[in-house]
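Going letter by letter, the sequence shown gives residues 403 to 531 in the working numbering. For every residue, glycine included, the Cβ atom is placed at its ideal position computed from N, Cα and C. Owing to the predicted nature of the structure, the values given are computational and were not obtained by experimental measurement.
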Amino acid sequence: MCNYFVEKAENATLWDIEGNEVIDFAAGIAVLNTGHRHPKVVAAVAEQLQAFTHTAYQIVPYESYVSLAERINDLAPIDGPAKTAFFTTGAEAVENAVKIARAYNRSSGADYLRRRFPRPYLYDHGPHR
């Protein structure tokens, strides 16, 4: 952890509460590939906020979610039908990948995980065991 508190940021620069300027080498732990407060990102966020702040697609669907999923499907190097699902974290993505594989193969998926990950993991201790 750094020894200062950030007050503002722009591009790759941070300013602390005492006015000192530093370069942000961590970039929000790699989530800011456009830098802090990129004008196009700020404009897109402002536009979205005028429509609605947030809704869970699984409960209340919205067009931009569908459009982005269709665009990713079009870009994917997959022959035949493709589906895209969005998740917030890597843990959610892995958990859902296991669920999808289990449903597709009609299996627990535990055998695959045991072969790939020799250490015990959460997936290895569920009711499917």
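Apart from the 5 residues on each side of it in sequence, Ala484 sits with its Cβ closer than 6 Å to the Cβ of Asn475 and Ala478 in its chain, given in chain order. Secondary structure at Asn405: coil, using DSSP grouped into helix, strand and coil.
Beta-bridge pairing by DSSP links Ile425 to Thr415. Apart from sequence neighbours up to five positions away, the residues of its chain that approach Ile425 with a beta-carbon distance below 7 Å are Ala414 and Thr415, ordered along the chain. For Gln452, the enclosing alpha helix (DSSP H) covers residues Pro441 to Ala453.
Note on geometry: alpha-carbon atoms of Lys501 and Gly492 lie some 14 Å from one another.
Val443 has its alpha-carbon roughly 11 Å from the corresponding atom of Asn435. Its Cα nearest to that of Pro463, the residue Phe488 stands out among Cys404, Ala429 and Phe488. In its chain, beyond the 5 residues on either side, Phe489 have a beta carbon closer than 8 Å to the beta carbon of Ala495. Annotation: Ala471 to Gln460 spans about 14 Å, alpha carbon to alpha carbon.
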